[in-house]
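Peer 1: The sequence shown: position 139 = 142 (the numbering used here), numbered continuously.
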Amino acid sequence: MVLGGITASFWIGNIFLLILNIPLIGLWVRLLTVPYHLLYPAMLFFIVIGVYSVHNSSFDVLMTLGFGLVGFTMMKFDFPAAPLLLGFVLGPLVEERFRRALILARSDITVFVDRPVSLGFLLATLVVLLATIGPVRKIILRLLRRRSVTTNINE
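So this is what it looks like as structure tokens:
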């Protein structure tokens, strides 16, 4: 019953999209010719309006701008977005399961190392984390050196 309703709503939505988008194809193509120096401020304006309209809070707007700045910085230093997205998705789940395990173990942290399988997973995680420290450090130093070389050449 529910699945049929969802499927029907998808079909109706697609039909309306088809009816609306076929006459508007020319508009969408012209939208691609808008210069970036006009398009980016318009996008930022709509993002700020949308974020503010959810909770009517200027803190949400500042937080959005802050995370946008973090994302811009990460993009400039060629950091991949996939691990960050994975952390945002899995982080709350891992935190909730960790708290639940601590509650069941009556706050005894040794519950994570008293079985060989869990100890093995923790050691494997530690090995992976330690193995990535060196390459990440090398990448950051190489990027900083490359940026300093390009700024010296441009000066």
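Idealized CB from N, CA, C, for every residue including glycine. Bear in mind that the values here come from a model prediction, so they are computed numbers and not experimental data.
Could you compute how far the alpha carbon of Ile9 sits from the alpha carbon of Leu21?
Peer 2: Put simply, the backbone Cα of Ile9 is about 18 angstroms away from that of Leu21.
Peer 1: Considering only the alpha carbon of each residue, which of Ala85, Met77, Leu47, Pro86 lies closest to Thr67?
Peer 2: Leu47
Peer 1: Between the beta-carbon of Val64 and the beta-carbon of Val51, is there less than 7 angstroms?
Peer 2: Their beta carbons are under 7 angstroms apart, which means Val64 touches Val51 by this criterion.
Peer 1: Rounded to a whole number of angstroms, what is the C-alpha to C-alpha distance between Ser121 and Lys141?
Peer 2: Rounded to whole angstroms, Ser121 to Lys141 spans 31 angstroms at the Cα level.
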